[in-house]
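Chemist: Supplied in structure tokens, the structure appears directly below.
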Amino acid sequence: MKALISDIHSNLEALQAVLADIARHSVEAIYCLGDVIGYGPNPRECLDQIMRYPVVLLGNHDQAVLFDPMNFNPVAERATMWTRAQLDRPIPNRAAADARWEFLAERPLKHREGDFLFVHGSPRNPLNEYIFPEDIYSEPKMRSIFAQVPRYMFQGHTHIPGIFTEALEFYSPDEIDWEYQLDGRKTLCNVGSVGQPRDADWRAAYVLLDGTTIRFRRVEYDVETTIRKIREIDELDDFLADRLRSGR
Numbered sequence: 293m294k295a296l297i298s299d300i301h302s303n304l305e306a307l308q309a310v311l312a313d314i315a316r317h318s319v320e321a322i323y324c325l326g327d328v329i330g331y332g333p334n335p336r337e338c339l340d341q342i343m344r345y346p347v348v349l350l351g352n353h354d355q356a357v358l359f360d361p362m363n364f365n366p367v368a369e370r371a372t373m374w375t376r377a378q379l380d381r382p383i384p385n386r387a388a389a390d391a392r393w394e395f396l397a398e399r400p401l402k403h404r405e406g407d408f409l410f411v412h413g414s415p416r417n418p419l420n421e422y423i424f425p426e427d428i429y430s431e432p433k434m435r436s437i438f439a440q441v442p443r444y445m446f447q448g449h450t451h452i453p454g455i456f457t458e459a460l461e462f463y464s465p466d467e468i469d470w471e472y473q474l475d476g477r478k479t480l481c482n483v484g485s486v487g488q489p490r491d492a493d494w495r496a497a498y499v500l501l502d503g504t505t506i507r508f509r510r511v512e513y514d515v516e517t518t519i520r521k522i523r524e525i526d527e528l529d530d531f532l533a534d535r536l537r538s539g540r
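Right under this line is the structure:
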């Protein structure tokens with residue numbers, strides 16, 4: 293069984309809570325679908341944890357810290373620059389800082405295992421293309437995306453968990469009793485966000501993949517500590533803290 297996590301966004305409290313929940317299951321490997329950093333107050337600590345895992349993809353915020361933010365709003369851009377400065381600090385030493393940069397620079401855009409494709413955004417644009425629930429009403433877009441999916445695809449990026457079928461249906465986790473059985477038909481699964489959910493549920497989200505069975509998980513975490521940390525950093529807008537309570 294695998295645990296699929298994504299969009300941690302430097303939220304250490306959420307990541308720690310998710311890892312504690314994962315430890316309660318017979319998980320053999322943890323895959324991260326990108327955006328380990330950005331927005332939140334603990335980029336170094338989150339990276340140090342995620343660097344241990346066998347599959348870690350590059351997200352758009354990870355890339356922005358490596359290079360330059362493109363099409364980011366001012367709040368996200370300021371957070372990116374602050375994150376970059378934190379990764380530059382030689383904590384606990386220069387070698388550790390260099391190792392973090394090298395790890396980010398080596399991240400792939402995709403990972404495939406037979407019929408299973410893992411990306412951050414979409415198969416057409418692994419870094420930046422969003423697949424929103426309402427896109428089921430955009431048949432040309434979804435047909436083009438499904439044409440590039442081997443059979444099953446897992447992604448993050450929107451921070452909204454759920455299942456997309458090739459029949460152009462979307463199911464949120466609560467609509468399917470938090471579990472979905474892959475049956476050979478092409479399917480997309482958004483695993484949600486660990487560190488910044490946006491589906492009106494503040495709890496950290498991730499997925500357990502057991503063969504062809506998908507189980508959606510939600511985990512409570514110490515959100516008030518994360519909020520306090522963000523508010524104490526001038527370069528991180530209070531909006532990034534406040535949205536955590538509402539899951540928006």
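Per the working numbering, the very first residue in the sequence shown carries number 293; after that it's consecutive. All residues carry an ideal CB built from backbone N, CA and C; glycine is no exception. Given the structure is predicted, the values throughout are model-derived calculations rather than measurements.
#1: Leaving out five residues before and five after Q355 in sequence, what residues of the same chain have Cβ atoms less than 8 Å from its Cβ?
#2: Verify whether the separation of the beta carbon atoms of G487 and G326 is less than 7 Å.
#3: Have a look at D475 and Q447 and give me their C-alpha separation to the nearest angstrom.
#4: Are the beta-carbon atoms of A387 and Y513 separated by less than 7 Å?
#5: In the DSSP assignment, find the unbroken beta strand (DSSP E) run with M350 in it and report its ends.
#6: Work out the CA separation of E527 and Q473 for me, nearest whole Å.
#7: Out of V483, R416, A492, K521, state which residue places its alpha-carbon closest to the alpha-carbon of R507.
#8: Could you tell me the distance, in whole angstroms, from the CA atom of M362 to the CA atom of G330?
#9: Please name the residue or residues paired with Y331 in a DSSP beta bridge.
#10: Enumerate in chain order the residues of its own chain whose CB-to-CB distance from G413 is below 6 Å, with the five nearest sequence positions on each side excluded.
Modeler: The structure says:
#1: Same-chain partners within the cutoff: L419.
#2: No, Cβ-Cβ distance for G487 and G326 is not below 7 Å.
#3: So the two alpha carbons sit approximately 18 Å from each other.
#4: Contact flag unset, no.
#5: The question names Met, yet the displayed sequence has Leu at residue 350. In the DSSP assignment, L350 falls outside any beta strand (DSSP E), carrying neither H nor E.
#6: Cα to Cα, Q473 sits roughly 43 Å from E527.
#7: Proximity to R507 across V483, R416, A492, K521 peaks at V483, based on C-alpha coordinates.
#8: When rounded, the distance between both Cα atoms is 14 Å.
#9: Looking at the DSSP output, Y331 shares a beta bridge with no other residue.
#10: These residues qualify, in order along the chain: L419, N420, E421, H449.
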